[in-house]
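Student:
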Amino acid sequence: MTTHTKQSGCSSTVILIVAVALLIGNILFHTQESYLINYWGQSYHGNIVSVDSMHTGYGKYRFEYKIKLKNGEAVRIAEGNFKKKTHALGQQVNVKVYKEKSEFEIQAPNIYITFFLAGLLIFFIKAYFVFRKTN
Numbered sequence: 013m014t015t016h017t018k019q020s021g022c023s024s025t026v027i028l029i030v031a032v033a034l035l036i037g038n039i040l041f042h043t044q045e046s047y048l049i050n051y052w053g054q055s056y057h058g059n060i061v062s063v064d065s066m067h068t069g070y071g072k073y074r075f076e077y078k079i080k081l082k083n084g085e086a087v088r089i090a091e092g093n094f095k096k097k098t099h100a101l102g103q104q105v106n107v108k109v110y111k112e113k114s115e116f117e118i119q120a121p122n123i124y125i126t127f128f129l130a131g132l133l134i135f136f137i138k139a140y141f142v143f144r145k146t147n
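Be aware that the sequence shown starts at 13, since it is given in my numbering, and climbs by one per residue.
(1) Should the stretch 69-86 be regarded as contacting the stretch 127-147, the criterion being three or more beta carbon pairs within less than 8 Å?
(2) For Tyr-70, report the span of its alpha helix (DSSP H) as first-last.
(3) Would you say the stretch 102-111 touches the stretch 42-51, given that touching needs at least three Cβ pairs under 8 Å?
(4) With respect to the alpha helix (DSSP H) encompassing Ala-45, which residues constitute its N-terminal and C-terminal limits?
(5) Between the alpha carbons of Ala-139 and Asn-83, how many angstroms are there, rounded?
(6) First and last residue of the beta strand (DSSP E) that includes Glu-112?
(7) To the nearest angstrom, report how far apart Leu-129 and Val-32 are at their CA atoms.
(8) Pull up the CB-CB distance for Ser-114 and Ile-89, whole angstroms please, since I reckon it's below 8 Å.
(9) Taking the alpha carbon of Val-87 as the point to measure from, which residue in Asn-93, Tyr-73 and Val-105 has its own alpha carbon closest?
(10) Put Ala-100 into one of helix, strand or coil per three-state DSSP.
Right, dumping it as structure tokens:
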């Protein structure tokens with residue numbers, strides 16, 4: 013009887029880990045469109061040909077960049093920031109394009125989001141074991 017309980021506990025732990033991993037994956041890919049574009053998109057090189065800015069609140073601006081790609085196409089990328097443009101007019105940039113949506117190419121996912129999601133996963137696993145002991 014004790015062997016059956018251990019197998020049941022082990023399988024429920026595996027199910028919990030898989031469920032939380034899928035939850036985190038869904039949150040990451042469905043809410044962070046730029047990650048999806050950077051993951052599936054095709055790389056292009058281009059030059060920034062125009063920059064528009066719009067004030068969106070106390071000290072916050074939204075910048076819209078128009079980029080002329082090497083293949084002759086033009087794409088627009090909007091980016092929010094605090095009073096600081098991250099790209100300048102005439103700058104050469106790498107762009108990812110996926111399903112007619114575009115984003116600046118990033119080399120790797122943001123490490124802070126990775127740490128947060130790993131911490132969230134550890135919290136859920138630890139909470140599961142704490143609640144399992146009380147039952």
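Idealized CB from N, CA, C, for every residue including glycine.
Tutor: The answer reads as follows:
(1) no
(2) No alpha helix (DSSP H) holds Tyr-70; DSSP gives it neither H nor E.
(3) Contact between the stretch 102-111 and the stretch 42-51 is established, with three or more Cβ pairs separated by less than 8 Å.
(4) The sequence as given places Glu at residue 45; Ala does not occur at that position. Glu-45 -> alpha helix (DSSP H) spans 45-52.
(5) So the alpha carbons of these two residues sit roughly 53 Å apart.
(6) Where Glu-112 is concerned, there is no enclosing beta strand (DSSP E), given that its DSSP letter is neither H nor E.
(7) Each residue's alpha carbon lies about 10 Å from the other.
(8) Their Cβ separation, rounded to whole angstroms, is 6 Å, which keeps Ser-114 and Ile-89 in contact under 8 Å.
(9) Of Asn-93, Tyr-73 and Val-105, the residue nearest in Cα terms is Val-105.
(10) coil
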